[in-house]
Amino acid sequence: MSLQIQFICELPNGVHARPASHVEAVCKNFRANIQWFNERTKATGDAKSVLSLIGTNTIKGDICQLTIEGEDEQVAFERLQAYLEKEFPLCDEVFAEVDDSIGPLPRSLANLNPKIIRAKAVCGGSAKGKLYLVSGVDFTKMTDFPTACSVDQEIEELQSAVKNLQKFIEMQISLTNDTSKDILSAHLAILNDSQFNQKLAENVVEKGNAGKAIVATAHYFSEQLKASNSTYLQERELDIRDICFQLLQKIYGEARFPAKKALQEDVICVAEELTPSQFLELDKKYLKGLLLKAGGTTSHTVILARSFNIPTLVGVDTQSLVQYLGQNVEIDGELGVICYDLSDKVNRYYQLENALQINLREKQKSFLDQEGRTVDGTKVEIAANIAHPMEAQTAFSNGAESIGLFRTEMLYMDRHNEPSEDELYNTFCQALESAKNRSIIVRTFDIGGDKPVEYLNIPAENNPFLGYRAVRIYQEFLDLFRTQLKAILRASAHGNLKIMIPMISSMEEILWVKEELMAIKQQLRVEKIPFDEKIQLGIMLEVPSVIFIIDQCCEEVDFFSIGSNDLTQYLLAVDRDNSKVTKHYNSLNPAFLRGLDYIVEKVHHYGKWVGICGELGAKGSVLPLLVGLGLDELSMSSPNILSTKARLAKLNKAECRILLNKAMNCRTALEVEHLLAQFTMSQGDVPMISTDSITVNPDWQSKEEIIKGMTDKLLIAERCRYPRKLAEDIWAREDVFSTALGYGFAIPHTKSEHIEQSTISVAKLATPVLWGEEQVNFVIMLTLNKHSAGDQHMRIFSKLARRIMHETFRNQIMNAQSAVEIEQILKTELEI
29 MSLQIQFICE LPNGVHARPA SHVEAVCKNF RANIQWFNER TKATGDAKSV
79 LSLIGTNTIK GDICQLTIEG EDEQVAFERL QAYLEKEFPL CDEVFAEVDD
129 SIGPLPRSLA NLNPKIIRAK AVCGGSAKGK LYLVSGVDFT KMTDFPTACS
179 VDQEIEELQS AVKNLQKFIE MQISLTNDTS KDILSAHLAI LNDSQFNQKL
229 AENVVEKGNA GKAIVATAHY FSEQLKASNS TYLQERELDI RDICFQLLQK
279 IYGEARFPAK KALQEDVICV AEELTPSQFL ELDKKYLKGL LLKAGGTTSH
329 TVILARSFNI PTLVGVDTQS LVQYLGQNVE IDGELGVICY DLSDKVNRYY
379 QLENALQINL REKQKSFLDQ EGRTVDGTKV EIAANIAHPM EAQTAFSNGA
429 ESIGLFRTEM LYMDRHNEPS EDELYNTFCQ ALESAKNRSI IVRTFDIGGD
479 KPVEYLNIPA ENNPFLGYRA VRIYQEFLDL FRTQLKAILR ASAHGNLKIM
529 IPMISSMEEI LWVKEELMAI KQQLRVEKIP FDEKIQLGIM LEVPSVIFII
579 DQCCEEVDFF SIGSNDLTQY LLAVDRDNSK VTKHYNSLNP AFLRGLDYIV
629 EKVHHYGKWV GICGELGAKG SVLPLLVGLG LDELSMSSPN ILSTKARLAK
679 LNKAECRILL NKAMNCRTAL EVEHLLAQFT MSQGDVPMIS TDSITVNPDW
729 QSKEEIIKGM TDKLLIAERC RYPRKLAEDI WAREDVFSTA LGYGFAIPHT
779 KSEHIEQSTI SVAKLATPVL WGEEQVNFVI MLTLNKHSAG DQHMRIFSKL
829 ARRIMHETFR NQIMNAQSAV EIEQILKTEL EI
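Residues in the sequence shown are numbered from 29 upward in steps of one, following this note's numbering.
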């Protein structure tokens, strides 16, 4: 006789992947058969299967029933009754609302009235190409399959297809060393999944046909996964269909189920959705951009696109683009824009944008192979943060001197089970191949809290940043931790690896980790497996308690890496994801700076080194403070490396230390900001007028092109980091009144926080341009830093306006033939 429990589902998001996995974990402790029934949907699911539970489509408020039948049904009944009452309601939380709002277009583009479609950018960059449609895998249209003489033959064909596809994917994995390897491994895991194969077997018997069985299996899992509230599981639905389509190709041949046509010109591919295998088939020589209706940041196709640096947008209204197939479109992965029906003016805008990127790359190229050093010779290692082994090559190609943070948690996410020791070993070896004996710091997995891994069944928490995560979960998941340590140690025999432990808050944790590490080293010695006997062990310094035992920590570890994001929020007690308190989250708080100074001083006193791997390390405006602190290493995302080296080469360590002392004596973060602005302005010999901000006879044909060109030039001259924001400040002034002064002159001007070095920029135009209602031949642009300009802004503007009234000055500057002549005239006339 069965036992039953009736209850109401109170979970805010219903039974999606996470709560389903919790239910499954509890039910699997019993031998009894346990069925979940939803009275609203009339659906029944096996409570020991996540996919089956998701398939009941249970949402908040549904009346449900558990039916328990078997030899230990009474014990199961009592445990589940307590679970449903006390634990089940707490195993999920309300998902944070995602802000999908898209910012305005830069005015220099918006004023051109481009025809655009907005979408979510998931991979940056811009590209132009002909719009090319890629059809998705639609199983609803696949109904006619030839049938063999018997069901046994159909079963044999299906089993053979599975084996052949397994071998094919294994071969692909062996031939690739990039992100494709991770995606292919995930597909192989699906193909080997027992539930997947069981469903295939059931369907081929029921349908009597291998093709129909594959389609039915794809439909079964697709419906379950699409119904899930888990973005992760929703995005795996496409992987299921991808595998099933490849099985059809193995059985019926590519003549019946063809691969995509070869690309023969630059294209922007548009698709309702694109499977990973479809993406890998496309020739990357001609694939310039990707527009997808479906897909998210964890989609395997999107991950692949990012690894190939292909600008990609998702959430695209693909239907509206069909009429433009075969025509050129521009995709902007920074703005989240598709420009179609391109006008000459829009084409020119993107020509200027591409020229800017080429110019920047060329300017920074000299720093590719240089060490990070200040002007007075102080060494500061500039390292990269990565999350996948393939990113190591990109990092070193962008000038990284080392890998300061290899986040390994991504190796455990987006999959159904944990990676094996050999898989991790091969992953670390792959990263080491790119390093060529440069060091890689591997941070052991920071799983839990805000980085959930479905198959570990770690309960959701109200405050994940302070919760059960990182080193705090290692004792429960000891095999997982030991496997990773062993893989790192084995790989250390092939290169320069270091181990770093996240979220350390006490000496007990350090000592426990060292015991585990020593035990694994001894095991490898017994097994005669080589490893680096002197491998360094470090910790993330992100919990404030470590600051007060740093002397003891220095006795046990070799290095420290400051996680500035977490240390800031823990030290200031601010949840950086809570919009109501984010104004208090500021790493320029003098208390935080004093904390950093204490850390670096103590660590160096004990002869150890310390770096920083949070977002703070990549902020150019804060770089003087970091140099003043005396940090040994700064680790950041790859695109920031060259610009950081270039800025570092202009700084003097002693001057930066004086600045830091002043900053630590400030009373507010705002005072520190003003101090930094003044330092930047006074730093080095950077005159307000110089040839690097003067342009003679540029091919600019509109006011929009002039403002964009002049602000872009300030970026190249390293006087401004965000030219689009500076341009918006200039346009805001133009909205109030036109700055055309007559006589063919315009003086656009602004006081802005986005100009680091107050500058007078000049453009002597090849042909007149309409500026408001006047024709302009000569543009003098004033951009002054608002923290340090005082009344200088209006004094210069007034002086210029008075000079322009005099014909002698106008003729002199209009007839100047070079940037040097213009510079000398303005310096003399303005007495600068």
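Ideal placement from N, C-alpha and C gives every residue a C-beta, glycine not left out.
Own chain partners of residue i with C-beta closer than 8 angstroms, once the 5 adjacent residues on each side are dropped
{"i": "Arg-59", "result": "Gly-98, Glu-99, Asp-100"}
{"i": "Ala-829", "result": "Leu-769, Ile-775"}
Presumed contact (8 angstroms Cβ cut-off) between residue i and residue j, rounded CB distance
{"i": "Tyr-352", "j": "Asp-372", "result": "No, Tyr-352 and Asp-372 are not in contact; Cβ-Cβ is about 17 angstroms, not under 8 angstroms."}
{"i": "Pro-40", "j": "Lys-88", "result": "6 angstroms"}
{"i": "Gly-361", "j": "Gly-152", "result": "4 angstroms"}
{"i": "Cys-55", "j": "Cys-92", "result": "Incorrect: roughly 14 angstroms between the Cβ atoms, too far for contact."}
{"i": "Pro-530", "j": "Arg-471", "result": "6 angstroms"}
{"i": "Arg-761", "j": "Ile-783", "result": "Not confirmed; about 13 angstroms, so no contact."}
DSSP three-state assignment for residue i, whether helix, strand or coil
{"i": "Gln-503", "result": "coil"}
{"i": "Ser-592", "result": "helix"}
{"i": "Phe-123", "result": "Caution applies to Phe-123, whose pLDDT of 39 falls short of 50 and renders its modelled position unreliable; the value that the coordinates give is listed next. It is coil, neither helix nor strand."}
{"i": "Tyr-260", "result": "Per-residue confidence for Tyr-260 stands at a pLDDT of 48, beneath the threshold of 50, marking its modelled position as unreliable; the derived number appears in the next sentence. Looking at Tyr-260 - three-state DSSP - the assignment turns out to be helix."}
{"i": "Leu-804", "result": "The sequence as given places Val at residue 804; Leu does not occur at that position. Note: Val-804 maps to strand in three-state DSSP."}
{"i": "Trp-540", "result": "helix"}
{"i": "Pro-157", "result": "Reading off the sequence, residue 157 comes out as Gly, not Pro. Here Gly-157 sits in strand by DSSP."}
{"i": "Asp-221", "result": "coil"}
{"i": "Ser-786", "result": "coil"}
{"i": "Leu-599", "result": "helix"}
{"i": "His-444", "result": "coil"}
{"i": "Gly-623", "result": "helix"}
{"i": "Gln-295", "result": "Sequence check: residue 295 is Val here, not Gln. Strand."}
{"i": "Lys-681", "result": "helix"}
{"i": "Asn-66", "result": "strand"}
{"i": "Val-464", "result": "Per the sequence shown, the amino acid found at residue 464 is Lys instead of Val. Note: Lys-464 maps to coil in three-state DSSP."}
{"i": "Val-609", "result": "coil"}
{"i": "Asp-865", "result": "The displayed coordinates of the chain run from 29 to 860. Any statement about residue 865 would go beyond what the structure contains."}
{"i": "Tyr-496", "result": "coil"}
{"i": "Met-568", "result": "strand"}
Closest residue to residue i among the options (Cα-Cα distance)
{"i": "Thr-436", "options": "Gly-400, Glu-429, Lys-479, Ala-149", "result": "Lys-479"}
{"i": "Glu-544", "options": "Lys-514, Leu-703, Ile-557, Gly-523", "result": "Lys-514"}
{"i": "Glu-446", "options": "Gly-427, Gln-512, Ala-488, Arg-389", "result": "Gln-512"}
{"i": "Glu-309", "options": "Gly-239, Ala-333, Ala-646, Leu-349", "result": "Ala-333"}
{"i": "Cys-694", "options": "Tyr-280, Val-790, Ala-229, Leu-621", "result": "Leu-621"}
{"i": "Phe-862", "options": "Lys-526, Leu-812, Ile-567", "result": "In this structure the chain extends from 29 to 860, so residue 862 is not present and cannot be described."}
{"i": "Ala-674", "options": "Gly-648, Lys-690, Glu-184", "result": "Gly-648"}
{"i": "Val-190", "options": "Ile-201, Lys-156, Ile-144, Ile-242", "result": "Ile-242"}
{"i": "Leu-569", "options": "Leu-624, Ala-619, Leu-653, Asn-617", "result": "Leu-624"}
{"i": "Arg-146", "options": "Asp-345, Arg-497, Ala-411", "result": "Asp-345"}
{"i": "Ile-788", "options": "Lys-240, Pro-796, Thr-795, Val-807", "result": "Val-807"}
{"i": "Leu-159", "options": "Pro-134, Ile-578, Thr-168, Leu-315", "result": "Leu-315"}
{"i": "Ile-578", "options": "Ala-547, Val-571, Lys-630, His-416", "result": "Lys-630"}
{"i": "Glu-399", "options": "Glu-643, Val-408, Lys-391, Lys-393", "result": "Val-408"}
Chain-order list of residues whose beta-carbon lies under 6 angstroms from that of residue i (same chain, five-residue window excluded)
{"i": "Glu-125", "result": "In this prediction, Glu-125 scores a pLDDT of 36, lower than 50, which makes its location untrustworthy; no coordinate-derived value is stated."}
{"i": "Lys-312", "result": "Phe-336"}
{"i": "Ala-847", "result": "Thr-719, Ile-722, Val-724"}
{"i": "Val-342", "result": "Lys-148, Val-150, Leu-320, Gly-323"}
{"i": "Asn-61", "result": "Glu-97, Gly-98"}
{"i": "Leu-793", "result": "Asn-805"}
{"i": "Leu-216", "result": "Ile-197"}
Beta-bridge pairing of residue i - partner residues as DSSP gives them
{"i": "Arg-518", "result": "Note: Arg-518 sits in no beta bridge, so no partner."}
{"i": "Met-833", "result": "Partner(s): none; Met-833 has no beta bridge."}
{"i": "Ser-780", "result": "Asn-813"}
{"i": "Asn-61", "result": "Glu-97"}
{"i": "Ile-91", "result": "Ile-36"}
{"i": "Lys-792", "result": "Val-724, Phe-806"}
{"i": "Val-470", "result": "Phe-434, Ile-527"}
{"i": "Glu-661", "result": "Glu-409, Gly-639"}
Contacting residues, own chain, Cβ-Cβ under 7 angstroms from residue i (five flanking each side not counted)
{"i": "Ile-218", "result": "Phe-224, Asp-267, Ile-268, Ile-271"}
{"i": "Ile-853", "result": "Gln-840, Ile-841, Ala-844"}
{"i": "Arg-838", "result": "Tyr-771, Ile-832"}
{"i": "Leu-810", "result": "Ile-775, His-777, Ile-788, His-821, Ile-824, Phe-825"}
{"i": "Asn-387", "result": "Ile-744"}
{"i": "Ala-691", "result": "Pro-618, Leu-621, Leu-653, Val-700, Leu-703"}
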